[in-house]
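Numbering (the working numbering), first residue to last: 161 to 562. From the three backbone atoms N, C-alpha and C, an ideal C-beta is built for every residue, glycine too.
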Ligand SMILES: [Zn+2]
């Protein structure tokens, strides 16, 4: 067997295998990239996900294969449990669009795929990465819209801007204020497509958009862990502190500290709704449905259920949603001992004055009630969420003038 050479770069990791006509390479040197390439032998690529500062195991990875056109590659992961229920996702246009390869592509701890002729730059990932590039496309699509203001919450430790978006009713005092956040766990990318679906609805020329722009001011943090999103980190169970446990005591991260200061000032007595968007674990019945994570506070839980009733009844999105799939506080992983390390964003939001709805939403990576979670279906579910937010707020009592 032909020996391989291994080259390690400081940013991303590149391994080069010498083989037949083309040189087959695998690397993660692009935004959202994550892989450790151990060796390449012929068409066999041996890799492992890069855990970095994760406490314990997690499953995110994303890498690029070059020189594979017309060849069947087999990717071997050193550790198991890193491929979702619809197999890996693949992009042949530099990460713009993605498709699931399907469970049939899975082989042992890895997968095998015949790369089409002419495709010398193919990306594979656990999911369908959504990074600053995607958000930039969204913002360009709405350039000049008076109901969208893009700003900066703060800078990260690595010097990146954390985007802060204002959408909806920006001119006067709105009836309602809504906080939407995403990527406290940076690898949970499918939630971002749903968030974009909500934002597109707010700005769209339909009844939901018109109502939301008249009555609601939205504050949106698309990437709570911006460094993690761009660096392709796992983010879940990050040491020394998970971003979604950074809402009590002294915050470790600038974004969390800035949000804790800004939101109460901005929200006043009008912050009525706060939703923090996530993806669950890989597989199993409770990880293959969309669900809300119930709060301990009975009033917040009652309103989560009320919102869920509306969402289930009006959901015209592509992903199924059933209220009965919500996870009440005290059940499953949603128990006190799992919150010992610090307060989550939605629990913190639930303590703010005037709040009516505060919850985390879990959107599966690949399978939601038998339907494929894709860029399109997650975006469509976001539009259904926007409609339900409108209905929920419209049915809520107005805030009395002080
Ligand atoms: Zn999460």
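Boundaries of the alpha helix (DSSP H) in which residue i is found, first to last residue
| i | result |
| --- | --- |
| residue 190 | No alpha helix (DSSP H) holds residue 190; DSSP gives it neither H nor E. |
| residue 541 | 535-555 |
| residue 391 | 386-391 |
| residue 318 | Premise fails: residue 318 is in no alpha helix (DSSP H) and is neither H nor E. |
| residue 182 | Element bounds for residue 182: n/a, residue is neither H nor E. |
| residue 234 | Taken as a continuous stretch (DSSP letters only), residue 234 belongs to no alpha helix (DSSP H), being part of the beta strand (DSSP E) at 232-237. |
| residue 418 | 414-427 |
| residue 470 | 458-474 |
| residue 506 | 505-509 |
Segment limits, beta strand (DSSP E) that includes residue i
| i | result |
| --- | --- |
| residue 274 | 270-274 |
| residue 406 | No beta strand (DSSP E) holds residue 406; DSSP gives it neither H nor E. |
| residue 292 | Not the beta strand (DSSP E): residue 292 falls in the alpha helix (DSSP H), residues 292-301. |
| residue 326 | 321-328 |
| residue 346 | Neither: residue 346 is in no beta strand (DSSP E) and is coded neither H nor E. |
| residue 521 | 517-522 |
| residue 118 | The displayed coordinates of the chain run from 161 to 562. Any statement about residue 118 would go beyond what the structure contains. |
| residue 335 | No beta strand (DSSP E) holds residue 335; DSSP gives it neither H nor E. |
| residue 368 | Per DSSP, residue 368 belongs to no beta strand (DSSP E); it is in the alpha helix (DSSP H), 367-375. |
| residue 446 | Segment: none, residue 446 is in no beta strand (DSSP E) and carries neither H nor E. |
| residue 452 | 451-453 |
| residue 200 | 196-201 |
| residue 226 | 222-226 |
| residue 205 | 204-208 |
| residue 281 | 281-285 |
| residue 250 | 249-251 |
Integer-rounded CB distance, given that residue j should sit under 8 Å from residue i
| i | j | result |
| --- | --- | --- |
| residue 346 | residue 285 | With 8 Å as the limit, residue 346 and residue 285 do not qualify as a contact, their Cβ atoms being about 13 Å apart. |
| residue 309 | residue 326 | 4 Å |
| residue 219 | residue 442 | 6 Å |
| residue 323 | residue 439 | Not really, about 20 Å apart at Cβ, beyond 8 Å. |
| residue 355 | residue 427 | Going by Cβ atoms, the distance from residue 355 to residue 427 rounds to 19 Å, so no, they are not a contact pair. |
| residue 417 | residue 315 | Wrong, their Cβ atoms sit about 12 Å apart, outside the cutoff. |
| residue 470 | residue 552 | 6 Å |
| residue 265 | residue 248 | 7 Å |
| residue 187 | residue 224 | 6 Å |
| residue 340 | residue 380 | 5 Å |
| residue 390 | residue 320 | 6 Å |
Distance CB(residue i)-CB(residue j) smaller than 8 Å
| i | j | result |
| --- | --- | --- |
| residue 311 | residue 376 | no |
| residue 182 | residue 227 | yes |
| residue 344 | residue 387 | no |
| residue 258 | residue 532 | no |
| residue 529 | residue 458 | no |
| residue 359 | residue 523 | no |
| residue 207 | residue 252 | no |
| residue 538 | residue 244 | no |
| residue 275 | residue 318 | no |
| residue 419 | residue 313 | yes |
| residue 486 | residue 468 | yes |
| residue 368 | residue 507 | no |
| residue 352 | residue 306 | no |
| residue 542 | residue 409 | no |
| residue 460 | residue 510 | yes |
| residue 209 | residue 234 | no |
| residue 514 | residue 429 | yes |
| Cβ contact (3+ pairs, closer than 8 Å) linking the region 445-464 and the region 502-519 | Judged by Cβ distances under 8 Å, the region 445-464 makes contact with the region 502-519, as three or more pairs qualify.
| message | Count Cβ pairs between the region 287-302 and the region 236-243 that sit closer than 8 Å; are there 3 or more? | response | no
| request: Can you list the residues near ligand 1, meaning Cβ strictly closer than 7 Å to any non-hydrogen atom, in the order they appear in the chain? | output: 344, 345, 348, 396, 404, 438 and 439
| Any contact of the region 424-435 with the region 396-414, i.e. 3+ C-beta pairs under 8 Å? | no
| Between the region 351-364 and the region 191-205, do three or more beta carbon pairs fall short of 8 Å? | no
| said: Under 8 Å: do the region 390-398 and the region 205-215 share three or more Cβ pairs, one atom per stretch? | reply: yes
| query | Is the number of C-beta pairs between the region 540-548 and the region 490-506 that are closer than 8 Å three or more? | reply | no
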